[in-house]
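**Student:**
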Ligand code: GYE
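In the numbering used here, the protein residues as written are 449 to 778.
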């Protein structure tokens, strides 16, 4: 193909692409939720962290299905655990002139510039699941999410009770700089500080994924220090499940030789508890779609909303696992 023909066919594609884009903008819902929203539907841009865990997948499903149910035009993007991708998406939502921007920030810091741009464009921002650290609170309208510090305390309290306040602990930390990793560590350490014989002797990130949790723990198990460890605290179930695999491969019994406590309470964690391999999981509820869109709709209507909305959750052990497994939605 000569250069001229190449150019003209490229132009045809470009124009066709542009037309499809314009049509897509009119046809609300085509960009994510797939719902049959009408032209005057509420347009919400949502930047999700990624698909790093079963928790996250359930959270995405809850958000997308709720948007569809309400006929909301959801512009959904997946950042693959990268802050730069989230910032790009938020800028694109601003350029599209969406009604509300919502996102789940992968880390706590570094959001001020893009949040200021959203504010200047008069687009309200609703934080979902994870919080940000900003010097000016007016950069977002409201935040809905779990109390991660309390989740860390709950995990530590269970471990203290189960061991008579005596444990040599290894810790698998979530994504460095993320709200749940920072807060869960804080809450857990606050409780074990009350017990002289409960100490963390090893702590490393598994980035909230099963693969990285397994790799990190596998490497640790080869060290002499690992022989003294009696318990593992993992900041989420996926990392705990990866570590359980590593413990088994090292010829030890997870749940007995090394007690395992984690956070999320996904279905796979209940299965691991019924197998005796996981001892306890603290609930972190990802099904926040309904509460999130209640908030977003209020914000869009200019109604007052609380600055902080909490999600309710519990703690589950091997005793309740079999009974609750069937009814577990995620
Ligand atoms: O615990 C973990 C996920 O932010 C609460 O992120 C969420 C955490 C959750 O990857 O599994």
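We treat Cβ as the ideally placed atom computed from N, Cα and C, and that holds for glycine.
Being a predicted model, the structure only gives us computed values, none of them experimental.
With three or more beta-carbon pairs closer than 8 Å as the criterion, would you say the region 520-536 touches the region 571-585?
**Tutor:** No, because fewer than three Cβ pairs between the region 520-536 and the region 571-585 fall closer than 8 Å, the two stretches do not touch.
**Student:** State yes or no: is the C-beta of residue 556 within less than 7 Å of the C-beta of residue 627?
**Tutor:** Counted from its first residue, the chain shown places residue 556 at position 108. Counted from its first residue, the chain shown places residue 627 at position 179. Cβ distance < 7 Å, so residue 556 and residue 627 count as in contact.
**Student:** Name the DSSP beta bridge partners of residue 648, please?
**Tutor:** Numbered from its first residue, the chain shown carries residue 648 at position 200. Residue 648 pairs with 617.
**Student:** Please tell me whether residue 601 and residue 635 are closer than 7 Å, where the distance is taken between their beta carbons.
**Tutor:** Looking up residue 601 in the chain shown gives position 153. Looking up residue 635 in the chain shown gives position 187. The answer is yes: Cβ separation under 7 Å.
**Student:** Applying the criterion that 16 or more other CB atoms from any shown protein chain within 10 Å of the CB defines a buried residue, is residue 474 buried or exposed?
**Tutor:** The residue you call residue 474 lines up with position 26 of the chain shown. Confidence at residue 474 is low in this model, with a pLDDT of 35, below 50, so its placement is unreliable and no value can be given for it.
**Student:** Buried or exposed, going by whether 16 or more other CB atoms sit within 10 Å of the CB of residue 518?
**Tutor:** Here residue 518 refers to the residue found at position 70 when the chain shown is read from its first residue. Looking at its Cβ environment, which holds 16 or more other Cβ atoms inside 10 Å, residue 518 is buried.
**Student:** Mapping the DSSP letters down to three states, classify residue 493 as helix, strand or coil.
**Tutor:** Here residue 493 corresponds to residue number 45 of the chain shown, with the count starting at 1. In the structure shown, residue 493 sits in a strand (DSSP, three-state: E or B).
**Student:** For residue 758, does the three-state DSSP call read helix, strand or coil?
**Tutor:** Taking the first residue of the chain shown as 1, we reach residue 758 at position 310. Note: residue 758 maps to strand in three-state DSSP.
**Student:** Between which two residues does the beta strand (DSSP E) containing residue 552 stretch?
**Tutor:** Along the chain shown, read from residue 1 onward, the residue named residue 552 stands at position 104. From DSSP, residue 552 is part of no beta strand (DSSP E); its letter is neither H nor E.
**Student:** Fully enclosed by the region 633-681, which alpha helix (DSSP H) runs are 4 residues long or longer?
**Tutor:** With a minimum length of 4 residues, the continuous alpha helix (DSSP H) runs that stay inside the region 633-681 are 658-669.
**Student:** Given the structure, does residue 656 come close to the ligand GYE, in the sense that its CB is under 6 Å from one of the ligand's heavy atoms?
**Tutor:** Counting from one through the chain shown, the residue named residue 656 turns up at place 208. Yes, since a heavy atom of the ligand GYE falls inside the 6 Å radius drawn around the Cβ of residue 656.
**Student:** For residue 639 and residue 749, what's the separation of their Cα atoms in angstroms?
**Tutor:** As a first step, residue 639 is located in the chain shown; it is residue number 191 there, counting from the start. As a first step, residue 749 is located in the chain shown; it is residue number 301 there, counting from the start. About 42 Å.
**Student:** Please classify residue 755: is it buried, with 16 or more other beta-carbons within 10 angstroms of its beta-carbon, or exposed?
**Tutor:** Start at 1 with the first residue of the chain shown, and residue 755 comes out as number 307. By the neighbour-count rule (16 or more Cβ atoms within 10 Å), residue 755 is not buried but exposed.
**Student:** Which first and last residues belong to the beta strand (DSSP E) in which residue 710 is found?
**Tutor:** Numbered from 1 along the chain shown, position 262 holds the residue referred to as residue 710. Looking at the DSSP string, the run of the beta strand (DSSP E) that includes residue 710 is 707-712.
**Student:** Could you round the C-beta distance between residue 607 and residue 709 to whole angstroms and report it? I think they count as a contact, below 8 Å.
**Tutor:** Translated into positions along the chain shown, residue 607 becomes position 159. Translated into positions along the chain shown, residue 709 becomes position 261. About 5 Å; that satisfies the 8 Å criterion.
**Student:** Buried or exposed for residue 470, going by 16 or more other Cβ atoms inside 10 Å?
**Tutor:** In the chain shown, residue 470 corresponds to position 22, counting from 1. Confidence is the limiting factor: at residue 470 the pLDDT is only 39, short of 50, which leaves the residue's position unreliable, though a coordinate-based value still follows. With fewer than 16 other Cβ atoms within 10 Å, it is exposed.
**Student:** Can we say the region 605-620 touches the region 719-732, given the rule of at least three CB pairs closer than 8 Å?
**Tutor:** These segments touch.
**Student:** Grouping DSSP H, G and I as helix and E and B as strand, with all else coil, what is residue 623?
**Tutor:** Against the chain shown, residue 623 aligns to sequence position 175. Of the three classes helix, strand and coil, the one that applies to residue 623 here is coil, per DSSP.
**Student:** Using 8 Å for Cβ pairs, my map puts residue 744 next to residue 550. What's the rounded Cβ distance?
**Tutor:** Against the chain shown, residue 744 aligns to sequence position 296. Against the chain shown, residue 550 aligns to sequence position 102. Yes, residue 744 and residue 550 are in contact; Cβ-Cβ is about 6 Å, under 8 Å.
**Student:** Between residue 716 and the rest of its own chain, which residues show a CB-CB distance below 7 Å, the 5 nearest in sequence each way excluded?
**Tutor:** Start at 1 with the first residue of the chain shown, and residue 716 comes out as number 268. Counting only Cβ-Cβ distances below 7 Å, and skipping sequence neighbours, we find 502, 685 and 689.
**Student:** Roughly how many angstroms lie between the CA atoms of residue 757 and residue 736, to the nearest whole one?
**Tutor:** For the purposes of this step, residue 757 is taken as residue 309 along the chain shown, with counting starting at 1. For the purposes of this step, residue 736 is taken as residue 288 along the chain shown, with counting starting at 1. Each residue's Cα considered, the two are about 11 Å apart.
**Student:** Using a Cβ-based criterion (distance less than 6 Å to any ligand heavy atom), does residue 631 qualify as near the ligand GYE?
**Tutor:** As a first step, residue 631 must be located in the chain shown, where it is residue number 183. Incorrect: residue 631 has no Cβ contact closer than 6 Å to the ligand GYE.
**Student:** Apart from the five residues just before and just after residue 637, which ones in its own chain have a Cβ nearer than 7 Å to its Cβ?
**Tutor:** As a first step, residue 637 is located in the chain shown; it is residue number 189 there, counting from the start. Hits under 7 Å: none found.
**Student:** Examine the ligand GYE and report whether any of its heavy atoms sits within less than 6 Å of the Cβ of residue 501.
**Tutor:** Translated into the one-based positions of the chain shown, residue 501 becomes position 53. Yes, the ligand GYE has a heavy atom inside 6 Å of this Cβ.
**Student:** Once you ignore the five residues that flank residue 678 on each side, which residues in its own chain have a CB closer than 6 Å to its CB?
**Tutor:** For the purposes of this step, residue 678 is taken as the residue at position 230 of the chain shown. Cβ within range, chain order: 615 and 616.
**Student:** Buried or exposed, going by whether 16 or more other CB atoms sit within 10 Å of the CB of residue 764?
**Tutor:** Locating residue 764 in the chain shown gives position 316, where the first residue counts as 1. The residue is buried, with at least 16 neighbouring Cβ atoms inside 10 Å.
**Student:** Residues bridged to residue 732 by DSSP?
**Tutor:** Here residue 732 refers to the residue found at position 284 when the chain shown is read from its first residue. Answer is none; residue 732 lacks a bridge partner.
**Student:** For residue 653, does the count of other Cβ atoms within 10 angstroms reach 16, so buried, or fall short, so exposed?
**Tutor:** Taking the first residue of the chain shown as 1, we reach residue 653 at position 205. Buried, since its Cβ has 16 or more Cβ neighbours within 10 Å.
**Student:** Name the residue from 769, 623 and 572 whose alpha carbon lies nearest to the alpha carbon of residue 490.
**Tutor:** The count along the chain shown starts at 1 and reaches residue 490 at position 42. Answer by Cα proximity: 572.
**Student:** Using CA coordinates, which residue listed in 618, 667, 548 and 650 is at the minimum distance from residue 589?
**Tutor:** As a position in the chain shown, residue 589 is number 141, starting the count at 1. The candidate whose alpha carbon is nearest that of residue 589 is 548.
**Student:** Any heavy atom of the ligand GYE closer than 6 Å to the Cβ of residue 728?
**Tutor:** To locate residue 728, count along the chain shown from 1; it is residue 280. Residue 728 Cβ: outside cutoff for every heavy atom of the ligand GYE.
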